Each structure stands twice: as structure tokens, then as C-alpha cells.
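Okay, so the sequence shown: first residue is 1 according to the UniProt record's numbering, each after it adds one. The beta-carbon is built from N, C-alpha and C at its ideal position, and this holds for glycine as well. What you are looking at is a predicted structure, and each value in this text was computed from that prediction instead of being measured.
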Amino acid sequence: MMQQLKLIQIFVFACVVVIFLNQLIGNAHAVTPSQVLVLYNADWKADDPLTDPGQDSKEIADHYIFMHTDPKTGEKPYVLGLSCANAPKHLKGSSLNEHHLSERSHDNASGVVLRKNGKILKFAKDDMRDSRLLEFTLPRKKGEKWLFDSLKIQLKKNLKNAVLLVDNGKSRHGNRVQVRTDGPWNLRTNARSFLTGSFSAHASCKDASGKLHKWEAKFTDFQDVEFSETGPDRKRDDRMYLLYIEDQVKKFLEAPENIRADGTLLKDHILFMVVCYGLPRTVVAPYGIARGITDHINNYGSIISLEQRLQLMYYDLEAIMGSKPQPQRFRGKSPFTAFYFRTPQAKPLFGKKANPFMHPLVYQKKDSALDKIQAPVSFSSEERKRFKKRQLFFVMRVDAPTPMAARGLIDRAVYASRYGGLAMGEMDGMVNEKTVDRVGHLEWTSAGQWLWEKGIYHLYYGGAGRDLLAFLRFSPMEGFFNREPVYLPGGIAGTVTSHNGWNKREMIRDIAMGVTVTAGVAKVYNGAPHIHNKSWWDDEIFYPFFLKGCTVGEVLLMNQAHLGWITTFIGDPLYSWPLSGSKDTTTPEFEQNRDVHIITKKGADNAQEVWLKVKLHSFSASPEAAQLKATSSSGKVALCESFEGIPYVFLGNKKEVVNQKWQLEVKDPYGNKYMTYIDLH
């Protein structure tokens with residue numbers, strides 16, 4: 001009996017040790033506020049009527065710093081305002097106030113130039129075929145039938161240099177020219193073994209009706225092409241980005257006056273960057289090289305997210321990817337296969353070789369329980385030193401369609417980092433039901449079931465391949481103000497589809513529902529690459545490490561399979577789930593005369609819209625986030641259904657809402673509430 005008791009004691013002790021070690025994984029290398037650089041647009045002029053006086057981009061940056069300043073030590077993020085003001089006059093014209101930072105040069109999409117007689121040709125061609133790879137396939141899409149014995153293919157350099165490869169459907173050069181009547185291709189050869197330099201290939205063949213068809217394609221010698229950082233015009237296609245953004249950030253990170261007390265440069269200390277509302281959402285990729293992941297050339301583009309460009313500021317692309325032009329196969333309408341010359345950088349950085357902090361099991365089958373998945377390389381300043389040629393930051397946007405919505409991302413993240421817990425969204429006597437309306441098809445996702453077993457019940461899974469698990473999705477409940485699903489502070493959601501971006505799709509819907517973290521496409525097509533399903537995150541890697549205390553920035557980086565890509569990650573990278581819950585018991589109070597603001601602004605058809613906002617007493621050490629319900633003496637109800645640090649709501653047109661008494665109620669995720677009355681004149 002005593003021996004059994006001793007074994008039980010040993011087992012319990014071992015469990016405690018395991019729990020402690022799991023917690024340690026999340027906190028041992030925790031990213032601190034001083035390891036964050038906040039960027040804003042110093043040239044921004046707009047000031048939304050609902051925000052405080054002054055330009056909004058800086059206001060969002062200031063609020064982020066305020067909510068992440070340690071009240072005891074004073075530690076806080078660094079901040080930098082970016083501006084075009086000091087740009088040389090001859091380069092002015094682009095603006096940081098654009099959604100996309102436009103460039104002046106656009107001739108280096110392939111990263112390859114053609115050099116003849118020692119000179120780079122002035123024209124840019126993205127369709128230079130490699131003469132070592134001549135492949136020809138008779139068209140088959142329309143069910144055409146061909147008289148193969150009429151096939152003729154020859155090479156022509158000029159009138160004096162012509163080589164007949166195929167005549168009457170047969171090779172004229174034995175095995176040097178491979179000819180097949182069926183299969184995926186009809187002819188293959190190294191055409192450069194017959195002619196060097198640039199030349200053209202000509203093919204002709206009769207169809208079953210006897211009609212003669214002709215085709216032609218130009219080919220280029222690999223000895224005549226080379227990698228280019230500029231294109232034929234010798235001007236960087238990403239020059240404006242370097243001037244307006246990267247050069248300024250690097251100057252700040254490397255400035256002697258910003259060196260840390262221990263002698264560390266900021267570039268080696270900073271791990272996260274936060275891009276604030278008002279800065280461009282997209283810029284041109286390094287050197288202006290178009291990238292993509294398919295064999296459709298129209299799926300390639302040189303536009304990527306600003307955050308992912310910043311992430312690679314100190315990354316040695318040439319050392320990791322190489323630069324020597326290589327043939328890359330594309331689909332095309334011509335019977336001559338399109339093996340176009342491209343630099344390796346036309347493919348985005350992908351996988352663990354590119355991102356040493358990526359978890360090796362991202363998007364892979366997990367053989368062990370989610371609790372037992374081994375941790376990847378931790379993202380810390382010390383660990384990053386091991387990968388000098390692959391120095392990475394993780395960069396997120398605190399951005400939304402409006403500055404108030406952007407501010408809400410900060411408030412919810414700080415609130416959830418302090419008070420996130422199982423009791424959020426619960427009221428006495430309420431039972432969480434596993435219905436389709438509330439949780440969707442949760443049984444179809446192992447991550448969702450794993451979280452449910454841990455007592456996290458505010459979950460939803462749509463069931464489609466595009467759906468990621470919706471974490472802390474909060475269905476309407478008696479006692480709370482939302483009539484439709486919203487997200488509790490700390491909510492996370494994503495929809496994996498190529499059209500999901502800033503164009504009023506799922507990402508914008510989730511932001512409107514009060515999500516704290518989401519992701520989408522920084523630009524949908526129109527010069528940007530076509531995104532694909534490994535561009536978001538893997539729920540089965542994300543949540544196990546998130547619940548161990550890792551910050552969102554760390555967890556997203558360990559899920560990031562692509563670098564230098566078009567994905568935009570929205571939210572606060574410092575947001576982390578507390579390892580030991582601290583229930584919020586404070587009342588979300590506000591002072592009627594100081595904290596309640598009535599704003600009148602022009603709406604549709606020049607109508608005078610009346611808005612109300614309530615500033616809660618929210619600080620880094622004691623954050624607040626609440627819903628708001630405003631009820632007029634005539635019975636009109638206006639709701640702010642999402643949880644905000646400054647709940648705000650549209651009351652109605654001026655004629656409808658003035659000269660009435662309004663009851664104001666706020667309620668936080670734990671049911672703490674406060675109520676008062678105001679007279680609206």
C-alpha cells in the first residue's frame with residue numbers, strides 16, 4: 001500500500017514538472033515590449049471624427065506604446081515615424097499615403113536581362129526561352145487530329161544559319177532530337193547544341209482536313225542572360241520603398257544614439273515590428289522581381305505585403321536563394337513549351353530552409369497528441385544570431401478600415417493577455433451547448449476538439465477546407481448585448497481563400513466582429529501573386545504553442561511557410577494567452593462629463609449623423625474592453641456589439657436622437673457592468 005502511495009506521489013510530482021516545463025517553454029524567451037518597433041506614417045493628414053484630435057496613424061502608434069508601457073519599469077516599444085519629406089526633389093511623386101507605394105521603374109519582373117556584345121539591351125523581355133530546352137507538343141485541347149507525317153520543325157538564326165530538326169514527322173539527327181507520336185510531348189532537344197546565341201524555331205503540320213498550321217517561338221542562349229537588380233534601365237524597381245521606408249528603418253535600427261545599454265544595436269535587439277494604420281499595405285518585392293508558386297505566369301506578381309518586405313531587411317537573399325538565371329516552366333498557349341529564364345527569387349522563400357524558426361510539422365500529419373508536439377527553435381535575439389544570413393523579424397499590422405477599428409485590435413489584445421480565461425463570456429447558470437449554431441462542425445477539427453477538452457467552449461469551425469478554427473467566437477447569449485456572433489477579446493480567425501483581403505471579404509468581416517488576430521491577402525491580384533493555402537497558419541501548431549504562453553508573433557512565425565509573400569497578418573504580435581487566468585472583477589466605469597463624447601458628422605446625403613463613444617479607464621496594467629448599449633427615452637436602441645476599449649456607436653440622424661434622455665450600459669466579457677444616463681440636446 002505504501003509503495004503504491006509512493007508511486008502515486010512520484011507520478012503527481014512528474015506531472016507538475018511537465019506542466020512547469022511546458023509553461024517554461026512559453027515564457028523562457030518571452031518577447032518584451034522593448035523588442036518591438038512601432039512604425040507609423042508621419043505624413044498622414046486624415047483625422048477621423050471619432051478619434052482624438054490629430055492625425056490618426058500617429059494616434060494608433062501612441063496608443064500601442066501607451067498600452068504596452070510597463071508601469072513599474074517604464075519599458076516600452078520603440079517608435080519611428082516614416083516620411084517622404086526628406087526625399088530628393090527629383091524622386092518625389094510617390095506617397096506613403098497610398099494603399100500601394102508606387103514605383104517609377106517596372107522593367108525587372110524576371111530579374112534577368114539579355115546582354116549582347118557586352119551591352120544590356122534596352123528592352124525588357126519576360127518571355128526569353130532557354131534554347132537548351134526546346135519542347136514541342138501539337139495542340140490537343142480542341143480534340144484536333146494531326147497528320148503527324150507532315151510535321152516539320154527547323155531552327156533559324158538568319159538566312160545562312162538554318163537547321164532542319166524534323167521532316168515528315170521524323171528526326172533528322174537521330175537521338176539528338178527525340179520525336180514521339182504520342183505522350184505528353186512530341187519533340188525534345190537541346191537546340192543550343194545546333195545553334196548558339198538567339199534564334200527562332202519554326203514548326204508546321206497539317207490537320208486531318210489537310211489545313212497547314214504554322215507556329216514560331218524565339219529562343220535565347222543561357223550564356224547571354226544574367227541576373228539583374230535593376231532591369232535594363234539600371235534603376236531599382238523598388239527604389240521608392242528603399243528611400244521612403246527601409247532606409248529610414250535601417251538608419252534608426254543602426255543609429256549609435258539608439259544602442260542599448262549593453263552595447264547591442266537595435267537591429268539585433270528588435271524582434272517584432274508593428275505597422276500602424278495609415279502606412280501602405282503593399283510595396284514592390286526585392287528588385288521588383290515578380291514571384292509566384294504556380295506554372296501560370298499570370299499568377300505571378302511583384303507586389304507583396306509591406307510587413308513581409310520589412311521582415312527581410314537584413315536577409316541575405318543571394319546567399320540563401322542564389323541569383324543565377326534558371327529555366328522555369330510555365331503554361332502557355334504556344335505548342336513550344338515556355339521554359340522562360342527566371343532568377344531563383346521568382347519563387348518565394350519557402351520552408352524551414354528559408355525560415356529557421358518554422359515548426360517542421362506545419363501542414364504535416366501529427367503522429368503525437370497536440371500536447372506532446374516538440375517546440376521548434378525559439379525566436380529570441382540569441383537564437384537569431386545563429387542564422388546571420390537569415391535574420392528575420394516578425395511584422396504585423398495594427399490596421400483596419402477605420403482607425404477606431406484598428407485601435408480596438410490593441411485594446412482587445414492587451415485585455416486578453418491580462419484577463420484571457422475560460423470564464424470569459426459566461427454568466428451564472430449558463431450552459432455551453434455543443435450545437436451547430438454555436439460551434440459549427442467542431443468535431444471535424446482536432447485542434448477544436450483539443451481546445452474544447454481544455455474547457456474553451458467559445459469556438460466555431462465552418463467545416464469547409466477554407467475555414468480555420470474561430471477561437472473565442474461568441475454567440476449571442478442572454479445578458480450580453482450582441483445579437484449576432486462577435487469575438488471575445490483575444491478572438492482569432494482566418495479564411496483561407498485567394499480573394500480574402502482588404503476588399504470587404506472575410507478578413508474585413510472578422511475585424512468588424514471584433515476579432516483580435518486574423519490574416520488575409522494584402523492585395524488581391526492586379527500585380528500581386530496568387531496566394532495559396534499554406535499562407536495562413538496550421539491550427540494544430542498554432543494553438544498548442546499559443547496556449548503554452550507564446551506570443552502571437554512567435555506562433556505565427558513558427559507557422560510561416562512563405563517569406564517575402566503577399567499575406568498580411570493583422571493584430572498585436574505581443575498578444576499572449578495567460579498561463580494562469582486572472583479573472584477581471586473590476587467595473588468598467590467611466591465619468592459622464594469627461595468620458596462620454598457625442599460626435600456629429602456628415603453621413604449619406606449630407607445627413608447629420610450622431611455618434612457616441614465612451615472612454616473606459618483602460619491602462620496597460622488594468623485594461624478594459626466592453627460592449628455598449630444605448631437606449632433612448634423613446635425606446636430606440638443602439639449597440640456596439642464588439643468589445644472595445646472605447647466602445648462607440650451610431651445613434652442615428654440628429655433629428656431622431658436629440659432632446660432625449662439616453663441610458664448607457666457597458667458590459668465587459670466577465671459580465672461586470674456599469675450604467676448611467678445622459679441628456680442629449
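Test item: CB-CB of Asn559 and Trp537 under 8 Å: What you label residue 559 is simply residue 559 of the sequence shown in a count that begins at 1. What you label residue 537 is simply residue 537 of the sequence shown in a count that begins at 1. With contacts defined by Cβ atoms closer than 8 Å, Asn559 and Trp537 form a contacting pair.
With H, G and I counted as helix, E and B as strand and the rest as coil, what does DSSP make of Gly210? By 1-based counting over the sequence shown, the position of residue 210 is 210. The three-state reading of DSSP puts Gly210 in coil, since its state is none of H, G, I, E or B.
Pop quiz: Val36 and Val274 are said to be a contact at Cβ under 8 Å. What is the actual Cβ separation, rounded to whole angstroms? Position 36 of the sequence shown holds residue 36. Position 274 of the sequence shown holds residue 274. Right, the Cβ-Cβ distance comes to about 6 Å (below 8 Å), so this counts as a contact.
For Pro476, which residues from the same chain have a beta carbon less than 8 Å from its beta carbon, with the 5 sequence-adjacent residues on both sides left out? In the sequence shown, the residue the question calls residue 476 occupies position 476. Excluding positions up to five away in sequence, the list reads Asn482, Arg483, Glu484, Pro485.
When burial is assigned at 16 or more other CB atoms within 10 Å of the CB, is residue 711 buried or exposed? The chain is shown from 1 up to 681; residue 711 falls before or after that span and cannot be answered.
Please classify Glu589: does DSSP put it in a helix, a strand, or coil? To locate residue 589, count along the sequence shown from 1; it is residue 589. Note: Glu589 maps to coil in three-state DSSP.
Note down the Cα distance separating Ile25 from Cys550, rounded to an integer number of angstroms. Counting from 1 along the sequence shown, the entry for residue 25 is found at position 25. Counting from 1 along the sequence shown, the entry for residue 550 is found at position 550. Confidence at Ile25 is low in this model, with a pLDDT of 42, below 50, so its placement is unreliable and the value that follows should be read with caution. Whole-angstrom Cα-Cα distance: 8 Å.
Taking the straight line between their C-alpha atoms, what separation do you get for Gly448 and Ala519? Counting from 1 along the sequence shown, the entry for residue 448 is found at position 448. Counting from 1 along the sequence shown, the entry for residue 519 is found at position 519. In a straight line, the C-alpha of Gly448 is about 19 Å away from that of Ala519.
Under a three-way DSSP split, which group does Asn175 fall into? Counting from one through the sequence shown, the residue named residue 175 turns up at place 175. If DSSP states are grouped into helix, strand and coil, Asn175 belongs with the helices.
Indicate whether Ala354 and Ile320 have their beta-carbon atoms separated by less than 8 Å. Within the sequence shown, the letter at position 354 stands for residue 354. Within the sequence shown, the letter at position 320 stands for residue 320. Cβ atoms of Ala354 and Ile320: closer than 8 Å.
Uninterrupted alpha helix (DSSP H) stretches inside the region 452-527 (no shorter than 4 residues): Counting only runs of 4 or more residues that sit fully inside the region 452-527, the alpha helix (DSSP H) segments are 506-512, in chain order.
Length of the line joining the Cα atoms of Ala14 and Leu547: Residue numbering aside, residue 14 sits at position 14 when the sequence shown is read from its first letter. Residue numbering aside, residue 547 sits at position 547 when the sequence shown is read from its first letter. With a pLDDT of only 42 at Ala14, under 50, the local geometry of the prediction cannot be trusted, and the value read off the model is given with reservation. Answer to the nearest angstrom: the Cα atoms are 20 Å apart.
Does Tyr363 pass the burial test, meaning 16 or more other C-beta atoms within 10 Å, or should it be called exposed? As a first step, residue 363 is located in the sequence shown; it is residue number 363 there, counting from the start. Taking all protein chains shown into account, Tyr363 has fewer than 16 neighbouring C-beta atoms within 10 Å of its C-beta and is therefore exposed.
Buried or exposed for Ala625, going by 16 or more other Cβ atoms inside 10 Å? The residue labelled residue 625 in the question sits at position 625 within the sequence shown. Taking all protein chains in view, the Cβ of Ala625 is crowded by 16 or more other Cβ atoms within 10 Å, so the residue is classified as buried.
Could you give the uninterrupted runs of the alpha helix (DSSP H) lying entirely in the region 621-663, keeping only those of 4 residues or more? Residue ranges of uninterrupted alpha helix (DSSP H) with 4 or more members, entirely inside the region 621-663 and ordered along the chain, are 654-657.
Return the CA-CA distance between Thr282 and Leu306, expressed in angstroms with no decimal places. Counted from its first residue, the sequence shown places residue 282 at position 282. Counted from its first residue, the sequence shown places residue 306 at position 306. Each residue's Cα considered, the two are about 5 Å apart.
Keeping to the same chain, check which residues put their C-beta closer than 8 Å to that of Ser620; ignore five residues upstream and five downstream. Translated into the one-based positions of the sequence shown, residue 620 becomes position 620. Contacts found: Phe66, Met67, His68, Thr69, Asp70, Pro71, Val414.
Going straight from the alpha carbon of Asn41 to that of His100, what length do you get? Here residue 41 refers to the residue found at position 41 of the sequence shown. Here residue 100 refers to the residue found at position 100 of the sequence shown. Cα to Cα, Asn41 sits roughly 13 Å from His100.
Do Ala208 and Lys145 have their beta-carbon atoms positioned less than 8 Å apart in this structure? If you number the sequence shown from 1, residue 145 lands on position 145. If you number the sequence shown from 1, residue 208 lands on position 208. Yes, the Cβ-Cβ distance between Lys145 and Ala208 is below 8 Å.
Quick check: Arg412 and Ser582, are their CB atoms within less than 8 Å of each other? Working through the sequence shown from its first residue, we reach residue 412 at position 412. Working through the sequence shown from its first residue, we reach residue 582 at position 582. Ser582 is positioned such that its CB atom lies no closer than 8 Å to that of Arg412.
Own chain residues within Cβ distance below 7 Å of Asn258, not counting five before or after: In the sequence shown, counting from the first residue as 1, residue 258 sits at position 258. Within the same chain, Asn258 has close Cβ partners Phe252, Leu266.
Boundaries of the alpha helix (DSSP H) in which Ser417 is found, first to last residue: Taking the first residue of the sequence shown as 1, we reach residue 417 at position 417. Taken as a continuous stretch (DSSP letters only), the alpha helix (DSSP H) holding Ser417 covers 403-419.
Would you kindly work out how many angstroms separate the C-alpha atoms of Glu383 and Phe136, rounded to a whole number? In the sequence shown, counting from the first residue as 1, residue 383 sits at position 383. In the sequence shown, counting from the first residue as 1, residue 136 sits at position 136. So the alpha carbons of these two residues sit roughly 50 Å apart.
Alpha carbon of Val666 to alpha carbon of Lys615, nearest angstrom: The sequence position of residue 666 within the sequence shown is 666, counting from 1. The sequence position of residue 615 within the sequence shown is 615, counting from 1. A direct Cα-Cα distance of roughly 11 Å separates Val666 from Lys615.
By the 10 Å Cβ neighbour count, where 16 or more other Cβ atoms means buried, how is Tyr543 classified, buried or exposed? The count along the sequence shown starts at 1 and reaches residue 543 at position 543. Buried is the call here.
Would you kindly report the start and end of the unbroken beta strand (DSSP E) that includes His597? Your numbering for residue 597 matches position 597 in the sequence shown. 596-602 is the extent of the beta strand (DSSP E) around His597.
Throw me the rounded Cβ distance for the Ala285 and Arg309 pair, which I believe falls under 8 Å. The residue labelled residue 285 in the question sits at position 285 within the sequence shown. The residue labelled residue 309 in the question sits at position 309 within the sequence shown. By a beta-carbon distance limit of 8 Å, Ala285 contacts Arg309. Their separation comes to about 7 Å.
Please report the Cβ distance between Gly440 and Tyr461, rounded to the nearest whole angstrom; I am assuming they are in contact, meaning their Cβ atoms lie under 8 Å. Walking along the sequence shown from the start, residue 440 turns up at place 440. Walking along the sequence shown from the start, residue 461 turns up at place 461. Rounded, the Cβ-Cβ distance is 5 Å, consistent with contact.
Report back the beta-carbon spacing between Leu147 and Cys205 to the nearest angstrom; my notes put them in contact at under 8 Å. Translated into positions along the sequence shown, residue 147 becomes position 147. Translated into positions along the sequence shown, residue 205 becomes position 205. Indeed they touch by this definition, with Cβ atoms about 7 Å apart.
Count the other CB atoms, across all protein chains shown, that sit within 10 Å of the CB of Met128; report buried if there are 16 or more and exposed otherwise. Position 128 of the sequence shown holds residue 128. Result: buried.
Can you tell me where the beta strand (DSSP E) with Leu155 in it begins and where it stops? If you number the sequence shown from 1, residue 155 lands on position 155. According to the DSSP assignment, Leu155 belongs to the beta strand (DSSP E) that extends over 146-156.
Excluding sequence positions up to five away, which residues of its chain have a Cβ less than 6 Å from the Cβ of Asp221? Counting from 1 along the sequence shown, the entry for residue 221 is found at position 221. If we look at Asp221 and ignore the five residues flanking it on each side, its Cβ neighbours are Ser131, Thr196, Gly197.
Taking the alpha-carbon positions, what's the Ala561 to Leu349 distance? Numbered from 1 along the sequence shown, position 561 holds the residue referred to as residue 561. Numbered from 1 along the sequence shown, position 349 holds the residue referred to as residue 349. The straight-line gap from Cα to Cα measures roughly 8 Å.
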